[in-house]
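Trainee: Residue numbering for the sequence shown follows the UniProt record's numbering, starting at 1 and increasing by one per position.
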Amino acid sequence: MAPTPTLTLLWRDGSEEAVRASGESTVLEAAESAAIGLPFGCRTGACGTCAGRSVEGTVQYNRPPRALKTRHSEAGYLLCCIARPLTDCQIEVGADVRAEMVSNPWK
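1. I'd like the list of long-range same chain contacts for M101, defined as Cβ closer than 7 Å, with 5 residues on each side in sequence excluded.
2. DSSP beta-bridge partners for E17?
3. Considering only C-alpha positions, which residue in the set A31, S54, I36 is nearest to R98?
4. Return helix, strand or coil for R98, following the three-state DSSP convention.
5. Could you give the first and the last residue of the continuous alpha helix (DSSP H) run that contains A71?
6. Kindly list the residues whose CB is nearer than 6 Å to the CB of I36, restricted to its own chain and excluding five residues on each side of it in sequence; keep chain order.
7. Could you tell me which residues DSSP pairs with S54 in its beta bridges?
8. Output the boundary residues of the beta strand (DSSP E) element that contains A83.
9. I think G45 touches C81, with their Cβ atoms under 8 Å apart; what is that distance to the nearest whole Å?
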């Protein structure tokens with residue numbers, strides 16, 4: 001039986017929500033199954049609307065994250081729509097995370 005990681009979603013206002021990621025679910029799917037609304041667009045890793053930032057834990061992608069540049073991945077950014085948690089994770093989420101990622105050309 002595969003492990004069921006716990007995802008702690010960290011919002012910029014300081015609130016946190018914990019959800020379980022069952023089976024092969026992505027971060028976005030786990031949030032949706034718990035009625036938590038995360039921003040998203042394409043669901044294929046191409047647009048970047050669902051960007052989050054990993055604080056702790058390990059994820060694996062279902063497909064290449066086309067919307068992330070290498071420097072974004074190295075800074076801990078991930079795409080919630082295609083990132084599947086392998087371990088318990090803490091992930092900063094919300095529109096502010098994506099705005100931070102794309103607003104600074106040096107990041």
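Beta carbons: idealized from backbone N, C-alpha and C, even for Gly. These numbers come from a predicted model, not from an experiment.
Mentor: Short version:
1. Here residue 101 refers to the residue found at position 101 of the sequence shown. Result list for M101: A51, H72, Y77, K107, in chain order.
2. Reading the sequence shown from its first residue, position 17 is the one you call residue 17. Secondary-structure assignment with DSSP links E17 through a beta bridge to L9.
3. Position 98 of the sequence shown, counted from the start, is the residue given in the question as residue 98. With distances taken between Cα atoms, R98 lies closest to S54.
4. For the purposes of this step, residue 98 is taken as residue 98 along the sequence shown, with counting starting at 1. It is helical.
5. Locating residue 71 in the sequence shown gives position 71, counting from the first residue. For clarity, residue 71 is Arg in the given sequence; the question names Ala instead. Per DSSP, R71 belongs to the alpha helix (DSSP H) from 70-74.
6. By 1-based counting over the sequence shown, the position of residue 36 is 36. If we look at I36 and ignore the five residues flanking it on each side, its Cβ neighbours are E17.
7. Indexing the sequence shown from 1 puts residue 54 at position 54. DSSP, once it has assigned bridges, lists I91 as partnering S54.
8. Taking the sequence shown and counting its residues from 1, one reaches residue 83 at position 83. 83-85 is the span of the beta strand (DSSP E), which, as asked, contains A83.
9. Reading the sequence shown from its first residue, position 45 is the one you call residue 45. Reading the sequence shown from its first residue, position 81 is the one you call residue 81. The Cβ separation is near 6 Å, so the contact holds.
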